[in-house]
Amino acid sequence: MERRRRARAGRVRGAPVIKRAPPAVDRGRSFAPGDAVRVREAYPPGHVRTPFFIRGKVGVVESHAGRHRNPEELAYGRPGDPKLSLYRVRFRQGDIWPDYAGPAQDTAVVDIYEHWLDPAEAS
Amino acid sequence: MSAHDSHGPGHDHDHEHDHGHDHDHGAGGGGHPPGHRHPHQPDIEDRPPTHYMLMTQAVGDLLIAKGIVTADELRRTLESIDATSPAAGARLVARAWLDPAFKGRMLADVNAAAAELGIDAGGIPIRAVENTPALHNLIVCTLCSCYPRLLIGLPPDWYKARAYRSRAIREPRAVLREFGTSIPDAVELRVHDSTADLRYMVLPMRPAGSESMGEGELASLVTRDSMIGVSVPRVA
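From first to last, the protein sequence lines are chains A and B.
Residue numbering for the first sequence follows the working numbering, starting at 1 and increasing by one per position.
Residue numbering for the second sequence follows the working numbering, starting at 1001 and increasing by one per position.
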């Protein structure tokens, strides 16, 4: 109780309470355009740039979009090294939303960091 | 009798009416109690400041107090942010329509192509996605409001709103119809979610009827919305 009070004392009223995501591990994977990938279905706390709607979904790597400092670390004032590969991954809308209302060829391209991607069988 | 109907001769205002009244002040009624106020649009100061408002103010004050920036430099930076417009992006698009080699360079690296025209697109990599007869592109940032501000100006409020951010990815064709844009079913609609370290702009198709136009006139056809993908350029 006392510890809790002390922890709260330094906090500005109204400031968001943020739990940190565990540091990203370098999973040492790289993907080439055309590779099928599955987005990890994980729900870590903290600042994450992988939208909920895409977790667990299978898509195809469209391109490599450079290496960038990890935003999950940068968000907490840490250096964000080592840099991680960012991939542009294309999904069929029908694979994201089972009741998608548009035609079958509609797609979504989402930018996803390498540590969120696992190899998958093409669907 | 509604509250508004009770206006009468005794009703005394201490402010000018700037909201539309559709009733007659001269007739009827028993007047308002003393201290009566009409509802008015709240001022920013009427709400308690948020954490980020206080932080922004405090950091700005400290930067000036410590001599790191001057008040005028801070003001000038805000002024130039507010002055960004879609004109820079429109120039890129018009040049790409006229010069296939430039278009190739723009699709490879928007920031470098912009620099060729003397436009500073900033340090964040921007990708141009090209509309074709078989593909229409739409840009959204489902997580926040990422947007290539230096090329197409400040994002419209709807771009930052939860309604657009959730629906543009979930039912993009319905959203486009609400913007008055109908994409044929045979065309692939591709939504780009700008979730991370890239920014996107759409390179729209050059509209029919623009064949004889020069670069300046072409640029005038290219609107903010057509570079987000909720609209397409048209010759008026």
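By construction, the Cβ of each residue, glycine as well, lies at the ideal position given by its N, Cα and C atoms.
Under 9 Å Cβ-Cβ, which residues of chain A neighbour B:Arg1047? The premise fails here: B:Arg1047 is roughly 12 Å from chain A at the closest Cβ pair, so nothing lies under 9 Å.
With DSSP as the reference, please indicate the residues paired to A:Arg129 in a beta bridge. For chain A, the structure presents residues 1 to 123; residue 129 of chain A sits outside this window and is missing.
Close Cβ partners of B:Gly1229 (< 6 Å) along its chain, the five nearest in sequence each way excluded: Asn1137, Leu1138, Ile1139 and Val1202
Would you check if the segment 31-41 of chain A and the segment 1126-1136 of chain B touch, i.e. whether three or more CB-CB distances between them fall below 8 Å? no
Pick from B:Asp1120, B:Lys1103 and B:Gly1104: whose alpha carbon is nearest that of B:Asn1111? B:Asp1120
Short CB-CB distance (under 8 Å) between B:Thr1121 and chain A: Here residue 1121 of chain B turns out to be Ala, not Thr, going by the sequence shown. Not closer than 8 Å to any Cβ of chain A, the Cβ of B:Ala1121 fails to qualify, so no.
Counting only Cβ pairs nearer than 8 Å, list the residues of chain B close to A:Trp97. Arg1170
Determine, using beta carbons only, whether B:Thr1181 comes closer than 8 Å to chain A. no
Along the segment 32-50 of chain A, what residues have a CB closer than 8 Å to any CB found in chain B? Arg49 and Thr50
Check B:Arg1170 in the structure and name its three-state DSSP category. Assignment of B:Arg1170 by DSSP, reduced to helix, strand and coil, places it in the helix class.
Using a Cβ-Cβ cut-off of 8 Å, state whether A:Ala9 counts as contacting chain B. Caution applies to A:Ala9, whose pLDDT of 43 falls short of 50 and renders its modelled position unreliable; the value that the coordinates give is listed next. For A:Ala9, the answer is no, since every Cβ of chain B falls outside 8 Å of its Cβ.
Using a Cβ cut-off of 8 Å, pull out every chain B residue sitting near A:Tyr151, in sequence order please. Nothing about residue 151 of chain A can be read from this structure; chain A reaches only from 1 to 123.
Go through its chain and collect everything with a Cβ distance to A:Lys83's Cβ below 7 Å, but skip five positions before and after it. Closer than 7 Å at the Cβ level, and outside the excluded window around A:Lys83, lie Arg67, His68 and Arg69.
On the criterion of 16 or more Cβ atoms from any shown chain inside 10 Å, does A:Leu117 qualify as buried, or is it exposed? buried
Does the beta-carbon of B:Met1055 have 16 or more other beta-carbons within 10 angstroms, so that it is buried, or is it exposed? exposed
Inter-residue spacing [alpha-carbon to alpha-carbon] between B:Val1222 and B:Ala1094: Just so you know, the alpha carbons of B:Val1222 and B:Ala1094 end up roughly 8 Å apart.
Contacts of A:Gly110 in chain B (Cβ-Cβ under 7 Å): According to the sequence provided, residue 110 of chain A is Val. The question's Gly does not apply to it. By Cβ distance, chain B contributes Asp1193 and Thr1195.
Endpoints, the alpha helix (DSSP H) within which B:Arg1076 is located: Ala1071 to Asp1082
Nearest to B:Pro1207 by CA position, among B:Glu1215, B:Leu1189 and B:Arg1234, is which residue? B:Arg1234
Exposed or buried, A:Thr50, counting other C-beta atoms within 10 Å across all chains shown (16 or more means buried)? buried
Answer with yes or no whether the minimum CB distance from A:Leu86 to chain B is below 8 Å. At least one chain B Cβ lies under 8 Å of A:Leu86.
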